[in-house]
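At position 380 of the sequence shown (counting the first as 1) the number is 380 in UniProt numbering, and the numbers step up by one without a gap. The beta-carbon is built from N, C-alpha and C at its ideal position, and this holds for glycine as well.
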Amino acid sequence: MTITMQSTPGSSGYLDLYPERKMSFFKNPYILGLAAVAGIGGLLFGYDTGVISGALLYIKDDFQEVRDSYFLQETIVSMAIAGAIVGAAAGGWVNDAYGRKKATLFADVIFALGAILMAAAPDPYVLILGRLLIGLGVGTASVTAPVYIAEASPSEIRGSLVSTNVLMITGGQFLSYLVNLAFTGVSILLSAFATIYSSSAATINIERFSSSSSLVPGTWRWMLGVSGVPAVIQFVLMLFLPESPRWLFIKNRKNEAVDVLSKIYDVARLEDEVDFLTAQSEQDRQRRSNIKFWDVFKSKEIRSAFLVGGGLLAFQQFTGINTVMYYSPTIVQMAGFQANQLALLLSLIVAGMNAAGTVLGIYLIDHAGRKKLALSSLAGVAVSLIVLAFAFFKQSSSSNGLYGWLAVVGLALYIGFFSPGMGPVPWTLSSEIYPEEYRGICGGMSATVCWVSNLIVSETFLSIADGIGIGPTFLIICGITVAAFVFVVVYVPETKGLTFDEVEVIWRERAWGKNPNTHSLLEQGSQS
1 MTITMQSTPG
11 SSGYLDLYPE
21 RKMSFFKNPY
31 ILGLAAVAGI
41 GGLLFGYDTG
51 VISGALLYIK
61 DDFQEVRDSY
71 FLQETIVSMA
81 IAGAIVGAAA
91 GGWVNDAYGR
101 KKATLFADVI
111 FALGAILMAA
121 APDPYVLILG
131 RLLIGLGVGT
141 ASVTAPVYIA
151 EASPSEIRGS
161 LVSTNVLMIT
171 GGQFLSYLVN
181 LAFTGVSILL
191 SAFATIYSSS
201 AATINIERFS
211 SSSSLVPGTW
221 RWMLGVSGVP
231 AVIQFVLMLF
241 LPESPRWLFI
251 KNRKNEAVDV
261 LSKIYDVARL
271 EDEVDFLTAQ
281 SEQDRQRRSN
291 IKFWDVFKSK
301 EIRSAFLVGG
311 GLLAFQQFTG
321 INTVMYYSPT
331 IVQMAGFQAN
341 QLALLLSLIV
351 AGMNAAGTVL
361 GIYLIDHAGR
371 KKLALSSLAG
381 VAVSLIVLAF
391 AFFKQSSSSN
401 GLYGWLAVVG
411 LALYIGFFSP
421 GMGPVPWTLS
431 SEIYPEEYRG
441 ICGGMSATVC
451 WVSNLIVSET
461 FLSIADGIGI
471 GPTFLIICGI
481 TVAAFVFVVV
491 YVPETKGLTF
501 DEVEVIWRER
511 AWGKNPNTHS
521 LLEQGSQS
């Protein structure tokens, strides 16, 4: 049986021919539920990103050595990222060998163990070890969730569904700030009650409690320990979810794959999807058996795809997003708002905008397209960084509180532009641009690039800002944003609404031209 590209299930030609078979975002609750459960891995990622920024304010109160050392502060934050690098690098292999489902369950176990270790840490060094375990789990989940969702998604809504994972990341960050504020409030009340109980004074200085950063010792332990709860919830729910249907086809488990697909598509489209995947699966198995790590760099078309996938995720980090999310309370304090509670409250607003912007991105990514969304996002980010730099330049030489508020507005604008575009677009593209036989290994490599970039940024931001000033630091990030804009214009293709096979054609044509025989002739020459 020969299947042309235009008749491939899910392609634009197929959906024009059978418009009644087109899927909408809310049409099938089953695929939404699958994406939501898989996205809990994103929630873990986001919660940890956000909660450490608030917890760090109180860890410094409990441990003198942390308060006195920028290096220890950066290490506590970035050790999770170091673990994520290892988790992402190994996660691609785990996904290919054992499947997306088992990889997710493995990540949940590691994450829960890390949360327990952090909550019980007697010193900063055990805390750092717990952060390393958390990172291993997050790194594995960052590879697994987008691929798992993408492989189960109809092509016409794949971008929106994969973006739900990014919504879970931003939602996790918002939740983390709520938790930070909640535990801070409880700590203040406990401090007040303790003072009332132990003091014979008739009145209490409430201002002391609202502005003090030295509250009940151990507040941060609850902030970090709670992160194990979503991991346990996902572990339980994943036991009832299936494996990725495409992975099952590759492993010659057709009956299980058909059972999963029957819950996603109606009968008419199901038959076409099964016929197509059956025709492709044997070819994919043969190609997969010969795949090695270095083949990514030997193949011209895969090398081009990896440049885009890895490059976008690197720029996602170097344009400063996790600088804003990890250190937003600290940045707010640098802007002149010294009270921990106020810093966390303003950061909560920033995190809320991040989540709201991602909801907008879920709609736009399958309507406006990946490339346009990324370009408009980067343009807005560049302007926002100029506003931030200006605010900090002025704030450093003026006692006018207006510039502190301008810095907060700059942070909000940054998130407002970043979250709909450069938040979901890199992860979505990374889950859909690689051929099936390379999807696990290249997805792992792209995520590793992301985490290495994240580590570099988080390990150096405070030190650079301390050395040259936070205003110049934001100008450097603005320059990187301009470079990212040029990168997207030159290298990133539009993949909106394309099937996996149509995306493969893009790389084939970029590598070998539009002559379909060129590639096969060159391959034959290289094998002889």
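_Top-ranked residue by Cα proximity to I169, from T8, N180, S142, R158_ = To locate residue 169, count along the sequence shown from 1; it is residue 169. Nearest of T8, N180, S142, R158 to I169, Cα basis: S142.
_Rounded Cβ spacing between A391 and I264 (contact assumed at less than 8 Å)_ = Sequence index remark: in the sequence shown, residue 391 carries index 391 (1-based). Sequence index remark: in the sequence shown, residue 264 carries index 264 (1-based). Their Cβ separation, rounded to whole angstroms, is 48 Å, which puts A391 and I264 out of contact at 8 Å.
*asked:* The alpha helix (DSSP H) that contains G421, what's its start and end?
replied: By one-based count along the sequence shown, residue 421 stands at place 421. Where G421 is concerned, there is no enclosing alpha helix (DSSP H), given that its DSSP letter is neither H nor E.
*Please classify K496: is it buried, with 16 or more other beta-carbons within 10 angstroms of its beta-carbon, or exposed?*
Taking the first residue of the sequence shown as 1, we reach residue 496 at position 496. The residue is buried, with at least 16 neighbouring Cβ atoms inside 10 Å.
_Segments of 4+ residues assigned as alpha helix (DSSP H) that fall wholly inside the stretch 435 to 499_ = 436 to 468, 470 to 491
*Using the beta-carbon count (16 or more within 10 Å), is G467 buried or exposed?*
Here residue 467 corresponds to residue number 467 of the sequence shown, with the count starting at 1. Here G467 is exposed, its C-beta having fewer than 16 other C-beta atoms within 10 Å.
*Which whole-angstrom value is the C-beta distance of V490 and M223, which I expect to be below 8 Å?*
Indexing the sequence shown from 1 puts residue 490 at position 490. Indexing the sequence shown from 1 puts residue 223 at position 223. That belief does not hold up - the Cβ atoms of V490 and M223 are roughly 43 Å apart, past 8 Å.
*If you draw a straight line from the C-alpha of V162 to the C-alpha of L129, how long is it?*
Taking the first residue of the sequence shown as position 1, residue 162 is located at position 162. Taking the first residue of the sequence shown as position 1, residue 129 is located at position 129. Rounded to whole angstroms, V162 to L129 spans 31 Å at the Cα level.
*Closer than 7 Å by C-beta to P9: which residues in its own chain qualify, once you throw out the five before and the five after it? Chain order, please.*
As a position in the sequence shown, residue 9 is number 9, starting the count at 1. Excluding sequence neighbours, P9 sits near R269, D272, E273, F276.
*asked:* Taking its Cβ as the centre, do 16 or more other Cβ atoms sit within 10 Å of D48, making it buried, or is it exposed?
replied: Locating residue 48 in the sequence shown gives position 48, where the first residue counts as 1. When all chains shown are included, D48 counts as buried.
*How is R253 classed by DSSP in three states: helix, strand or coil?*
For the purposes of this step, residue 253 is taken as the residue at position 253 of the sequence shown. Secondary structure at R253: coil, using DSSP grouped into helix, strand and coil.
*asked:* Checking 9 Å against the spacing of the C-beta atoms, do I59 and L237 come in under that value?
replied: Along the sequence shown, read from residue 1 onward, the residue named residue 59 stands at position 59. Along the sequence shown, read from residue 1 onward, the residue named residue 237 stands at position 237. Their beta carbons are not under 9 Å apart, which means I59 does not touch L237 by this criterion.
*Do you know how far the Cα of Y403 is from the Cα of T144?*
For the purposes of this step, residue 144 is identified with residue 144 of the sequence shown, where counting begins at 1. For the purposes of this step, residue 403 is identified with residue 403 of the sequence shown, where counting begins at 1. Here the alpha carbons of Y403 and T144 stand approximately 42 Å from one another.
*Report yes if the C-beta distance between V109 and A103 is below 9 Å; otherwise report no.*
Here the question's residue 109 lines up with position 109 in the sequence shown. Here the question's residue 103 lines up with position 103 in the sequence shown. Result no, Cβ atoms of V109 and A103 do not sit closer than 9 Å.
_C-alpha distance - M422 paired with G479, whole-angstrom precision_ = Here residue 422 refers to the residue found at position 422 when the sequence shown is read from its first residue. Here residue 479 refers to the residue found at position 479 when the sequence shown is read from its first residue. Cα to Cα, M422 sits roughly 16 Å from G479.
*Take S419 and list the residues in its own chain whose beta-carbon comes closer than 6 Å to its own, dropping the five residues that flank it on each side.*
On the sequence shown, residue 419 is found 419 positions in, with the first residue counted as 1. Result list for S419: N354, G357, T358, in chain order.
*Are the beta-carbon atoms of V296 and Y177 separated by less than 9 Å?*
As a working mapping, residue 296 is identified with position 296 in the sequence shown. As a working mapping, residue 177 is identified with position 177 in the sequence shown. Cβ distance not < 9 Å, so V296 and Y177 don't count as in contact.
_Here's the rule I'm using: 16 or more other beta-carbon atoms within 10 Å means buried, otherwise exposed. How should V138 be labelled?_
Start at 1 with the first residue of the sequence shown, and residue 138 comes out as number 138. Flag for V138 reads buried.
_Just verifying my parser: in three-state terms, what is the DSSP assignment at S12?_
As a first step, residue 12 is located in the sequence shown; it is residue number 12 there, counting from the start. Helix.
*asked:* Between which residues of its own chain and I365 is the CB-CB distance below 8 Å, once the five residues before and five after are set aside?
replied: Position 365 of the sequence shown, counting from 1, holds the residue named residue 365. Here the set comprises G159, S160, S163, L373, P424, V425, T428, K496.
*Measure the CB-CB distance between I302 and P435 and report whether it falls below 9 Å.*
Position 302 of the sequence shown, counted from the first residue, corresponds to residue 302. Position 435 of the sequence shown, counted from the first residue, corresponds to residue 435. Result yes, Cβ atoms of I302 and P435 sit closer than 9 Å.
*Can you tell which of R510, L72, L15 has the C-alpha that lies nearest to the C-alpha of S155?*
In the sequence shown, counting from the first residue as 1, residue 155 sits at position 155. Looking at R510, L72, L15, the one whose alpha-carbon comes closest to that of S155 is L15.
*Mind checking whether K101 and P242 have CB atoms under 9 Å apart?*
Translated into the one-based positions of the sequence shown, residue 101 becomes position 101. Translated into the one-based positions of the sequence shown, residue 242 becomes position 242. Yes, Cβ-Cβ distance for K101 and P242 is below 9 Å.
*When we look at the beta-carbon of P124 and count the other beta-carbons within 10 Å, is it buried (16 or more) or exposed?*
Residue numbering aside, residue 124 sits at position 124 when the sequence shown is read from its first letter. It is buried - the Cβ of P124 has at least 16 other Cβ atoms within 10 Å.
*Beta-carbon proximity list for T75, same chain, < 7 Å, skipping 5 on both sides*: For the purposes of this step, residue 75 is taken as residue 75 along the sequence shown, with counting starting at 1. Excluding residues within five positions, the ones whose Cβ falls inside 7 Å are I128.
*Tell me where the alpha helix (DSSP H) around E74 begins and ends.*
The residue labelled residue 74 in the question sits at position 74 within the sequence shown. Where E74 is concerned, the enclosing alpha helix (DSSP H) starts and stops at 70 to 98.
_Tell me whether the stretch 313 to 326 and the stretch 450 to 462 touch, counting them as touching only if at least three CB pairs, one residue from each stretch, are closer than 8 Å._
yes
_K298 and V492 closer than 9 Å at C-beta_ = Here residue 298 is taken as the residue at index 298 of the sequence shown, counted from 1. Here residue 492 is taken as the residue at index 492 of the sequence shown, counted from 1. With respect to V492, K298 sits apart: the two C-beta atoms are not nearer than 9 Å.
*N-terminal and C-terminal residue of the alpha helix (DSSP H) that S142 is part of*: For the purposes of this step, residue 142 is identified with residue 142 of the sequence shown, where counting begins at 1. Per DSSP, S142 belongs to the alpha helix (DSSP H) from 124 to 152.
*Which first and last residues belong to the alpha helix (DSSP H) in which I264 is found?*
The residue given as residue 264 occupies position 264 in the sequence shown. No alpha helix (DSSP H) holds I264; DSSP gives it neither H nor E.
*Tell me whether T323 sits in a helix, a strand or coil according to DSSP, three-state version.*
As a first step, residue 323 is located in the sequence shown; it is residue number 323 there, counting from the start. In this structure, T323 counts as helix in the three-state DSSP scheme.
*Any idea what DSSP makes of I365, helix, strand or coil?*
One-based indexing of the sequence shown puts residue 365 at position 365. Note: I365 maps to coil in three-state DSSP.
*Is DSSP giving R508 helix, strand or coil here?*
Within the sequence shown, residue 508 is the residue found at index 508, counting from 1. R508: helix per DSSP, three-state reduction.
_V324 and Y414 - do their beta-carbons sit closer together than 9 Å?_
The residue you call residue 414 lines up with position 414 of the sequence shown. The residue you call residue 324 lines up with position 324 of the sequence shown. Against a cut-off of 9 Å, the Cβ pair of V324 and Y414 comes out as a contact.
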